[in-house]
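Engineer: Protein chains in written order, with our numbering: chain A, 1 to 112; chain B, 1 to 115.
By construction, the Cβ of each residue, glycine as well, lies at the ideal position given by its N, Cα and C atoms.
Structure in structure tokens, see below.
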Amino acid sequence: ETGVTQSPTHLIKTRGQQVTLRCSSQSGHNTVSWYQQALGQGPQFIFQYYREEENGRGNFPPRFSGLQFPNYSSELNVNALELDDSALYLCASSLHDGFEAFFGQGTRLTVV
Amino acid sequence: AQSVTQLDSQVPVFEEAPVELRCNYSSSVSVYLFWYVQYPNQGLQLLLKYLSGSTLVKGINGFEAEFNKSQTSFHLRKPSVHISDTAEYFCAVVDSGAGSYQLTFGKGTKLSVIP
Numbered sequence: 001e002t003g004v005t006q007s008p009t010h011l012i013k014t015r016g017q018q019v020t021l022r023c024s025s026q027s028g029h030n031t032v033s034w035y036q037q038a039l040g041q042g043p044q045f046i047f048q049y050y051r052e053e054e055n056g057r058g059n060f061p062p063r064f065s066g067l068q069f070p071n072y073s074s075e076l077n078v079n080a081l082e083l084d085d086s087a088l089y090l091c092a093s094s095l096h097d098g099f100e101a102f103f104g105q106g107t108r109l110t111v112v
Numbered sequence: 001a002q003s004v005t006q007l008d009s010q011v012p013v014f015e016e017a018p019v020e021l022r023c024n025y026s027s028s029v030s031v032y033l034f035w036y037v038q039y040p041n042q043g044l045q046l047l048l049k050y051l052s053g054s055t056l057v058k059g060i061n062g063f064e065a066e067f068n069k070s071q072t073s074f075h076l077r078k079p080s081v082h083i084s085d086t087a088e089y090f091c092a093v094v095d096s097g098a099g100s101y102q103l104t105f106g107k108g109t110k111l112s113v114i115p
């Protein structure tokens, strides 16, 4: 059974740039959720993708967008990066009607 | 929307001593609760979950938690901690809206095990 994998593990970007983070879901899981974890905080829900469409969104601006592909993998895109976007970004996969989410190792994004 | 409060941001404890990490949630009709552990520079690993049934839930690494509906609590316990338990622990509740299920997390409790 393949777990959730994220790439890259670390990334440094300049304010105003755009970034794409990638996630491969666990085998058999059809739903992917993204979370942002700022330093010293708990993860916050960004959005969820199911059947290649956004299926729920947290309190994040439109410059946070995503994609899901037919193989259930997903991308998180952030435009016009701000310093406050510096955080650990976590991807979690699950079954659509399942409550149990399995997390990847995360991508540490630093915006300078 | 659901909310989760972890009452202690840091908990130091001596090795082989018992520990309790406290978590309270906002009340709702259906409650599904989780504890996750995060080791430094890593993602989240599921420790245990409460979906229904017995209020005492056993998880990995010797941890257990008790669901208390009247006190809206889901405290995590371990009778004897090890150095390797040093990590950050997050309590989470399932929040549903617009057809999706997402997790709402507490701010975390850093457990430091002292040799």
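B:Y32 versus chain A: which residues are under 7 angstroms apart at the beta carbon?
Structural biologist: Along the second sequence, one-based indexing puts residue 32 of chain B at 32. Here the neighbours are F99.
Engineer: Distance check for A:G106 and A:F47, CA to CA, integer angstroms please.
Structural biologist: The residue labelled residue 47 of chain A in the question sits at position 47 within the first sequence. The residue labelled residue 106 of chain A in the question sits at position 106 within the first sequence. Cα to Cα, A:F47 sits roughly 15 angstroms from A:G106.
Engineer: Quick check on the burial criterion: 16 or more other C-beta atoms within 10 angstroms. Buried or exposed for A:V112?
Structural biologist: On the first sequence, position 112 is the one that residue 112 of chain A refers to. Looking at its Cβ environment, which holds fewer than 16 other Cβ atoms inside 10 Å, A:V112 is exposed.
Engineer: So, does the CB of B:L44 fall closer than 8 angstroms to a CB anywhere in chain A?
Structural biologist: If you number the second sequence from 1, residue 44 of chain B lands on position 44. With 8 angstroms as the cut-off, B:L44 counts as an interface residue toward chain A.
Engineer: Report the option in B:C91, B:A17, B:Q38 whose CA atom is closest to the CA atom of B:P79.
Structural biologist: Mapped onto the second sequence, residue 79 of chain B falls at position 79. Considering only alpha carbons, the answer is B:A17.
Engineer: The beta strand (DSSP E) that contains A:Y72, what's its start and end?
Structural biologist: Mapped onto the first sequence, residue 72 of chain A falls at position 72. No beta strand (DSSP E) contains A:Y72, which DSSP labels as neither H nor E.
Engineer: Here's a check: name, in chain order, each residue in its chain whose Cβ is nearer than 7 angstroms to the Cβ of B:Q102, leaving out the five neighbours to either side.
Structural biologist: Counting from 1 along the second sequence, the entry for residue 102 of chain B is found at position 102. Cβ within range, chain order: D95.
Engineer: Check whether the Cβ atoms of A:F103 and B:L44 sit closer than 8 angstroms, and answer yes or no.
Structural biologist: Along the first sequence, read from residue 1 onward, the residue named residue 103 of chain A stands at position 103. Along the second sequence, read from residue 1 onward, the residue named residue 44 of chain B stands at position 44. It is a contact, given that the beta carbons lie within the stated cut-off.
Engineer: From the DSSP output, in three-state form, read off B:S100 for me.
Structural biologist: If you number the second sequence from 1, residue 100 of chain B lands on position 100. Residue state, collapsed to three classes: strand.
Engineer: With a threshold of 8 angstroms between beta carbons, is B:K49 in contact with chain A?
Structural biologist: Taking the first residue of the second sequence as position 1, residue 49 of chain B is located at position 49. Interface residue, yes.
Engineer: Rounded to whole angstroms, what is the Cα-Cα separation between A:L90 and A:S74?
Structural biologist: Against the first sequence, residue 90 of chain A aligns to sequence position 90. Against the first sequence, residue 74 of chain A aligns to sequence position 74. Spanning the two alpha carbons is a distance of roughly 12 angstroms.
Engineer: Taking the alpha-carbon positions, what's the B:P12 to B:F90 distance?
Structural biologist: What you label residue 12 of chain B is simply residue 12 of the second sequence in a count that begins at 1. What you label residue 90 of chain B is simply residue 90 of the second sequence in a count that begins at 1. Using only the alpha carbons, I get a separation of about 16 angstroms.
Engineer: Starting from A:P8, find everything on chain B with Cβ-Cβ shorter than 8 angstroms and list it in chain order.
Structural biologist: The residue you call residue 8 of chain A lines up with position 8 of the first sequence. Residues of chain B passing the Cβ test: none, with the nearest at roughly 14 angstroms.
Engineer: Pick out whichever of B:I114, B:V93, B:S84 has its Cα sitting closest to the Cα of B:Q38.
Structural biologist: For this step, residue 38 of chain B is matched to residue 38 along the second sequence. If we check each option's Cα against that of B:Q38, B:S84 comes out closest.
Engineer: Taking C-beta pairs closer than 8 angstroms, name the residues in chain A that B:V94 reaches, listed in chain order.
Structural biologist: Working through the second sequence from its first residue, we reach residue 94 of chain B at position 94. The contacting residues are F99.
Engineer: For the beta strand (DSSP E) that contains A:A92, what are its first and last residues?
Structural biologist: Along the first sequence, read from residue 1 onward, the residue named residue 92 of chain A stands at position 92. Here the beta strand (DSSP E) through A:A92 covers 87-94.
Engineer: List the DSSP bridge partners of B:N75.
Structural biologist: Within the second sequence, residue 75 of chain B is the residue found at index 75, counting from 1. At residue 75 of chain B the sequence reads His, which differs from the Asn that was named. In DSSP, B:H75 forms a bridge with B:E66.
Engineer: Could you have a look at A:L83 and say whether DSSP puts it in helix, strand or coil?
Structural biologist: The sequence position of residue 83 of chain A within the first sequence is 83, counting from 1. If DSSP states are grouped into helix, strand and coil, A:L83 belongs with the helices.
Engineer: Which residues, in order along the stretch 66-86 of chain A, keep a beta-carbon less than 8 angstroms from a beta-carbon of chain B?
Structural biologist: Under the 8 angstroms Cβ criterion, the stretch 66-86 of chain A contributes no residue.
Engineer: Leaving out the 5 sequence neighbours to the left and right, which residues in its chain are closer than 6 angstroms to A:N26 when beta-carbon positions are compared?
Structural biologist: Start at 1 with the first residue of the first sequence, and residue 26 of chain A comes out as number 26. Here residue 26 of chain A turns out to be Gln, not Asn, going by the sequence shown. Cβ neighbours of A:Q26 beyond the five flanking positions: G3, V4, S93, F102.
Engineer: Show which residues of chain A have a CB atom less than 8 angstroms away from the CB atom of B:F90.
Structural biologist: Position 90 of the second sequence, counting from 1, holds the residue named residue 90 of chain B. Residues of chain A passing the Cβ test: G42, P43.
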